[in-house]
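Numbering (our numbering), first residue to last: 345 to 460. Think of the CB as a built atom: it goes at the ideal place given N, C-alpha and C, for glycine as much as any other residue. For reference, the structure is listed below as structure tokens.
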Ligand SMILES: [Zn+2]
């Protein structure tokens, strides 16, 4: 009896010690890496481009909509303030002041934008 107990004890200690130590950290972090890999930031140009829509998984050619950005409004406002009212609409025709928003033609979901 005594010999068996002595044999069992060190084995139990050996087994239980690393187990109780490893289990809490294993269950605690819900692997934050997997969340990041789902969102893939795609670099968009000002022209439509081929890609796979992340929402409907269809190989598409993006639909581009040109929208003036905040910088455009700011420049137009500043031109007005400076007395160049006739030049105020100019930023809206400048390519560098326009955001090109990309949409999926299949499900029309917003995919991203390019700022020049
Ligand atoms: Zn889509």
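Q.
Taking DSSP's pairing of strands, which residues face residue 456 in a bridge?
A. Here residue 456 refers to the residue found at position 112 of the chain shown. Paired residues: 446.
Q: Output yes or no for whether 7 Å exceeds the beta carbon distance between residue 410 and residue 442.
A: As a position in the chain shown, residue 410 is number 66, starting the count at 1. As a position in the chain shown, residue 442 is number 98, starting the count at 1. Against a cut-off of 7 Å, the Cβ pair of residue 442 and residue 410 comes out as a contact.
Q. In this structure, does DSSP put residue 396 in helix, strand or coil?
A. Along the chain shown, read from residue 1 onward, the residue named residue 396 stands at position 52. The answer is strand: DSSP assigns residue 396 an E or B state.
Q.
Between residue 450 and ligand 1, is there a pair consisting of the residue's CB and a ligand heavy atom that are separated by less than 6 Å?
A. Locating residue 450 in the chain shown gives position 106, counting from the first residue. True, at least one ligand heavy atom lies under 6 Å from that Cβ.
Q) Within 10 angstroms of its Cβ, does residue 451 collect 16 or more other Cβ (buried), or is it exposed? A) Indexing the chain shown from 1 puts residue 451 at position 107. By the 10 Å Cβ count, residue 451 comes out exposed.
Q.
Once DSSP output is grouped into helix, strand and coil, what is the label at residue 435?
A. To locate residue 435, count along the chain shown from 1; it is residue 91. In the structure shown, residue 435 sits in a helix (DSSP, three-state: H, G or I).
Q: Just the C-alpha distance for residue 379 and residue 453, rounded to the nearest angstrom, thanks.
A: Against the chain shown, residue 379 aligns to sequence position 35. Against the chain shown, residue 453 aligns to sequence position 109. Note that residue 379 scores a pLDDT of 47, beneath 50, so its modelled location is shaky and nothing firm can be said.
Q | Range of the contiguous alpha helix (DSSP H) that encloses residue 425 | A | Here residue 425 is taken as the residue at index 81 of the chain shown, counted from 1. Segment 414-425, the alpha helix (DSSP H) holding residue 425.
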